[in-house]
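Residue numbers (the UniProt record's numbering): 1 to 386. Take a look at the structure set out below.
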């Protein structure tokens, strides 16, 4: 409930407001032409790409559906959206509300089904001009294969293994809670969760203690209880997966500081888990867990932590904690990540492009850049009479 109130619902509302303002403002450019010395009038225009197929995940079911729907509609496209079979109801209701608001029938359509059936059919369909997919990197690669038949335009927002970087000059009173929320919010079921925590060596023990203390203060329980900070994992399968990674971390030698256990016999609850003294070769460090597990590691200086942070197949997001503005921006420019937050985490505004480097995806969501991804650019050039 707290997640829906804090992020999922407000983000959905805000993106419709933002993209609604773009409907009459998508513009091309007038361009000078120097070809063969003659005089030309040339310009570009952005035209709707056509029919868009959208496939959305279970962790941000309402907000991510709204991101895709609002962008496509603002660009003049029609859409067929397939929500995950695990959390379809919010998308179904959102589509109903769009129709009640006056959207013509047939412009926005929804289908249900499993990804390997309905999702694959949507991505393969020859009348679909673009696919926008949010989900795992493994499935994203399959979406690319499915789209090759008619060379669909593809936007992919995929997995992540985001780093938090804490320098010794950071506001350590702020870091404990900030770094904990960066990984444990929504029980870690967020693609940009900062599950790798790099701490400068001379404040390492202090930060580990602060993050663990914050983690142990989070209330875990029924997601419908307003007092709950961390709800359940999405399924028994996901719970088993997360517990398997925790077991792997202990087997590979990471030091368990807090958490590490299932909570109760009912529901898919896992304690917020902090591992210290982790190493880059451990599975808990290198693989996306999608659960409430953070791995803490030491670093000496900015050069070393930049190398460690970039040592990942993913590049979705990162955060930096420091009072040194020059150092913050210098490191931010060197990080291989689509979003870098300084002294904060997870600032998702529809004006800001969102997407990843490397195997975290192709293209960007929302913002002007994300909107134009739903268009084709056409160049028009006319020879003027002499």
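Where a beta carbon is used, it is the ideal one built from N, C-alpha and C, also for glycine. Bear in mind the structure is a predicted one, so any value in this text is a computation, not a measurement.
Give me the Cα-Cα distance between residue i and residue j, rounded to the nearest whole angstrom.
{"i": "residue 323", "j": "residue 340", "result": "15 Å"}
{"i": "residue 116", "j": "residue 314", "result": "24 Å"}
{"i": "residue 244", "j": "residue 237", "result": "11 Å"}
{"i": "residue 102", "j": "residue 76", "result": "15 Å"}
{"i": "residue 93", "j": "residue 295", "result": "38 Å"}
{"i": "residue 305", "j": "residue 105", "result": "53 Å"}
{"i": "residue 71", "j": "residue 152", "result": "17 Å"}
{"i": "residue 62", "j": "residue 8", "result": "6 Å"}
{"i": "residue 228", "j": "residue 270", "result": "14 Å"}
{"i": "residue 11", "j": "residue 276", "result": "34 Å"}
{"i": "residue 44", "j": "residue 242", "result": "49 Å"}
{"i": "residue 183", "j": "residue 342", "result": "15 Å"}
{"i": "residue 123", "j": "residue 32", "result": "39 Å"}
{"i": "residue 189", "j": "residue 292", "result": "8 Å"}
{"i": "residue 380", "j": "residue 372", "result": "18 Å"}
{"i": "residue 256", "j": "residue 113", "result": "40 Å"}
{"i": "residue 145", "j": "residue 118", "result": "15 Å"}
{"i": "residue 395", "j": "residue 26", "result": "Because the chain is modelled from 1 through 386, residue 395 falls outside the range shown and cannot be assessed."}
{"i": "residue 286", "j": "residue 312", "result": "7 Å"}
{"i": "residue 140", "j": "residue 358", "result": "13 Å"}
{"i": "residue 176", "j": "residue 210", "result": "5 Å"}
{"i": "residue 345", "j": "residue 374", "result": "28 Å"}
{"i": "residue 59", "j": "residue 268", "result": "15 Å"}
{"i": "residue 230", "j": "residue 362", "result": "30 Å"}
{"i": "residue 142", "j": "residue 155", "result": "13 Å"}
{"i": "residue 354", "j": "residue 136", "result": "16 Å"}
With distance defined between alpha-carbon atoms, name the residue in the options nearest to residue i.
{"i": "residue 131", "options": "117, 68 and 232", "result": "68"}
{"i": "residue 3", "options": "351, 316, 44 and 221", "result": "221"}
{"i": "residue 337", "options": "328, 370, 329 and 356", "result": "356"}
{"i": "residue 29", "options": "38, 36, 257 and 42", "result": "42"}
{"i": "residue 84", "options": "46, 73 and 134", "result": "134"}
{"i": "residue 332", "options": "27, 10, 165 and 9", "result": "165"}
{"i": "residue 149", "options": "120, 138 and 252", "result": "120"}
{"i": "residue 349", "options": "383, 368, 181 and 375", "result": "368"}
{"i": "residue 147", "options": "54, 291 and 290", "result": "54"}
{"i": "residue 351", "options": "334, 370 and 189", "result": "370"}
{"i": "residue 186", "options": "213, 232 and 169", "result": "232"}
{"i": "residue 239", "options": "252, 258, 262 and 254", "result": "262"}
{"i": "residue 73", "options": "326, 109 and 226", "result": "109"}
{"i": "residue 157", "options": "268, 142 and 360", "result": "360"}
{"i": "residue 214", "options": "374, 180 and 89", "result": "180"}
{"i": "residue 259", "options": "300, 303, 217 and 142", "result": "217"}
{"i": "residue 167", "options": "311, 374 and 300", "result": "300"}
{"i": "residue 86", "options": "347, 235 and 267", "result": "235"}
{"i": "residue 334", "options": "307, 358 and 345", "result": "307"}
{"i": "residue 203", "options": "143, 125, 321 and 142", "result": "321"}
{"i": "residue 111", "options": "138, 82 and 195", "result": "82"}
{"i": "residue 23", "options": "35, 40 and 46", "result": "46"}
{"i": "residue 170", "options": "246, 319, 64 and 34", "result": "319"}
{"i": "residue 248", "options": "278, 224, 223 and 272", "result": "278"}
Buried or exposed: where does residue i fall if 16 or more other Cβ atoms within 10 Å of its Cβ makes it buried?
{"i": "residue 274", "result": "buried"}
{"i": "residue 99", "result": "exposed"}
{"i": "residue 57", "result": "buried"}
{"i": "residue 298", "result": "buried"}
{"i": "residue 284", "result": "buried"}
{"i": "residue 19", "result": "buried"}
{"i": "residue 159", "result": "buried"}
{"i": "residue 79", "result": "buried"}
{"i": "residue 191", "result": "buried"}
{"i": "residue 288", "result": "buried"}
{"i": "residue 364", "result": "buried"}
{"i": "residue 91", "result": "buried"}
{"i": "residue 6", "result": "exposed"}
{"i": "residue 264", "result": "exposed"}
{"i": "residue 250", "result": "exposed"}
{"i": "residue 21", "result": "exposed"}
{"i": "residue 383", "result": "exposed"}
{"i": "residue 219", "result": "exposed"}
{"i": "residue 174", "result": "exposed"}
{"i": "residue 37", "result": "exposed"}
{"i": "residue 253", "result": "exposed"}
{"i": "residue 266", "result": "exposed"}
{"i": "residue 226", "result": "exposed"}
{"i": "residue 138", "result": "exposed"}
{"i": "residue 290", "result": "buried"}
Using a Cβ-Cβ distance under 8 Å, would residue i count as near chain C?
{"i": "residue 156", "result": "You won't find chain C in this structure, because it holds only one protein chain."}
For the ligand SAM, any of its heavy atoms closer than 7 Å to the Cβ of residue i?
{"i": "residue 40", "result": "Absence of the ligand SAM from the depicted structure is noted, as is the absence of any ligand whatsoever, leaving it without description."}
So residue i and residue j are in contact, right, with Cβ under 8 Å, and what is the actual spacing, rounded?
{"i": "residue 162", "j": "residue 193", "result": "6 Å"}
{"i": "residue 207", "j": "residue 172", "result": "7 Å"}
Inset, instruction - Check whether the stretch 43-53 touches the stretch 121-130, counting contact only when three or more Cβ pairs, one atom from each stretch, lie closer than 8 Å. - result: yes
Inset, instruction - Check whether the stretch 197-205 touches the stretch 8-21, taking contact to mean three or more Cβ pairs, one atom from each stretch, closer than 8 Å. - result: The stretch 197-205 vs the stretch 8-21: no contact.
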